[in-house]
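Protein chains in written order, with my numbering: chain A, 36 to 150; chain B, 5 to 118.
1. Using a beta-carbon distance below 8 Å, is residue 94/B in contact with chain A?
2. According to DSSP, is residue 20/B helix, strand or coil?
3. Enumerated in chain order, which unbroken segments of the beta strand (DSSP E) with a length of 3 residues or greater are wholly contained in the region 44-87 of chain B?
4. Is it buried or exposed, residue 133/A, if we count other Cβ atoms within 10 angstroms and call 16 or more buried?
5. Using a beta-carbon distance below 8 Å, is residue 1/B in contact with chain A?
6. For residue 38/A and residue 81/A, I'd like the C-alpha separation in whole angstroms.
7. Buried or exposed for residue 87/B, please, with buried defined as at least 16 other CB atoms from any protein chain shown within 10 angstroms of its CB.
8. Starting from residue 148/A, follow its DSSP beta bridges and name the residues at the other end.
9. By the three-class DSSP mapping on this structure, what secondary structure does residue 89/B have?
10. Output the residue ranges of the beta strand (DSSP E) runs that lie fully inside the region 46-95 of chain A and measure 3 residues or longer, sorted by chain position.
11. Please name the residue in 140/A, 147/A, 148/A whose C-alpha comes closest to that of residue 68/A.
12. Measuring only between beta-carbons, confirm whether residue 132/A sits less than 8 Å from chain B.
13. If contact means a Cβ-Cβ distance below 9 Å, which residues of the region 47-62 of chain A contact chain B?
14. What separation, rounded to the nearest whole angstrom, lies between the Cα atoms of residue 97/B and residue 71/A?
15. Residue 89/A: buried (16+ other C-beta within 10 angstroms of its C-beta) or exposed?
16. Just the C-alpha distance for residue 63/A and residue 49/B, rounded to the nearest angstrom, thanks.
17. Check whether the Cβ of residue 142/A lies closer than 8 Å to any Cβ atom in chain B.
18. Of all the options 149/A, 148/A, 143/A, which has the alpha carbon lying nearest to the alpha carbon of residue 41/B?
19. Is residue 44/A close to chain B? Criterion is C-beta to C-beta, closer than 8 Å.
20. With DSSP as the reference, label residue 118/A as helix, strand or coil.
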């Protein structure tokens, strides 16, 4: 079945450092890909998305490019801030296919940014 | 436009009791998804409902768990005879239609079974 694998954390960075969180997926169809962020004690918020190959999702300085050839959707940010400390989840949805839009999540990567 | 609402935010139950979790989707959304997040794990899909219909319950445990989304009122996830292993965060998400790829999440209900 479909699955998402993302790098294990925790990841600890200094403020203004470059961030990469790797995410690869396995899917039978052509899924949409997402990054969600979860701040402590809160629900998930959609950070960015890409619905087809070569699409780049971006938001709040974060970017991720849908790479069909490598089945990847790595999250990047050029300069992290303390306020970016959270858990980041990579997810896919194959839309109207077998899962009918259910999201399949990776295990999450906890990011801590130190001042 | 209010977001997805869940209540209670925290729920403590003793083993053997029933837990009832509520989810009110965003206005105009008729599709509801329930997910469970175990400690140190990602979210796992449980069930997908539309108004008065269960569309996909492939992620729901076969026993003790049930869900509904009535014509009026919130969606309810019911866990009967809770056990310690049910302790988790339960998240509800909603979307406007079946073809939408975006789901909007509520703040979750954290269930603790003592």
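Cβ coordinates follow ideal geometry from the N, Cα and C atoms, glycine included.
The short version:
1. Counting from 1 along the second chain, the entry for residue 94/B is found at position 90. Residue 94/B does not count as touching chain A.
2. Position 16 of the second chain, counted from the start, is the residue given in the question as residue 20/B. Here residue 20/B sits in coil by DSSP.
3. Counting only runs of 3 or more, we get 47-54, 57-60, 69-72, 79-83.
4. Taking the first chain and counting its residues from 1, one reaches residue 133/A at position 98. Unreliable placement is indicated for residue 133/A, whose pLDDT of 43 sits below 50; no coordinate value is reported for it.
5. With chain B represented from 5 up to 118, any question about residue 1/B goes unanswered, as that position is not in the structure.
6. Locating residue 38/A in the first chain gives position 3, where the first residue counts as 1. Locating residue 81/A in the first chain gives position 46, where the first residue counts as 1. Their Cα atoms are separated by approximately 19 Å.
7. As a first step, residue 87/B is located in the second chain; it is residue number 83 there, counting from the start. Answer is exposed; the Cβ neighbour count stays below 16.
8. What you label residue 148/A is simply residue 113 of the first chain in a count that begins at 1. Answer by DSSP bridge pairing, in chain order: 48/A.
9. Here residue 89/B refers to the residue found at position 85 of the second chain. Residue 89/B sits in a helix when the DSSP states are folded into three classes.
10. Listed in chain order, they are 46-49, 54-56, 58-61, 67-73, 79-85, 91-94.
11. Taking the first residue of the first chain as position 1, residue 68/A is located at position 33. Nearest of 140/A, 147/A, 148/A to residue 68/A, Cα basis: 140/A.
12. Here residue 132/A refers to the residue found at position 97 when the first chain is read from its first residue. Unreliable positioning characterises residue 132/A in this predicted model, as indicated by a pLDDT of 45, which lies under 50. A coordinate reading is not provided.
13. Within the region 47-62 of chain A, no residue qualifies.
14. For the purposes of this step, residue 97/B is identified with residue 93 of the second chain, where counting begins at 1. For the purposes of this step, residue 71/A is identified with residue 36 of the first chain, where counting begins at 1. Those two C-alpha atoms are separated by around 13 Å.
15. As a position in the first chain, residue 89/A is number 54, starting the count at 1. Residue 89/A is exposed by the Cβ-count criterion.
16. Locating residue 63/A in the first chain gives position 28, where the first residue counts as 1. Locating residue 49/B in the second chain gives position 45, where the first residue counts as 1. Their backbone Cα atoms lie some 18 Å apart in a straight line.
17. As a first step, residue 142/A must be located in the first chain, where it is residue number 107. Yes, its Cβ sits closer than 8 Å to a Cβ of chain B.
18. Translated into the one-based positions of the second chain, residue 41/B becomes position 37. Per the C-alpha coordinates, the member of 149/A, 148/A, 143/A positioned closest to residue 41/B is 143/A.
19. Start at 1 with the first residue of the first chain, and residue 44/A comes out as number 9. No, because no Cβ of chain B sits closer than 8 Å to the Cβ of residue 44/A.
20. Locating residue 118/A in the first chain gives position 83, where the first residue counts as 1. Residue 118/A: helix per DSSP, three-state reduction.
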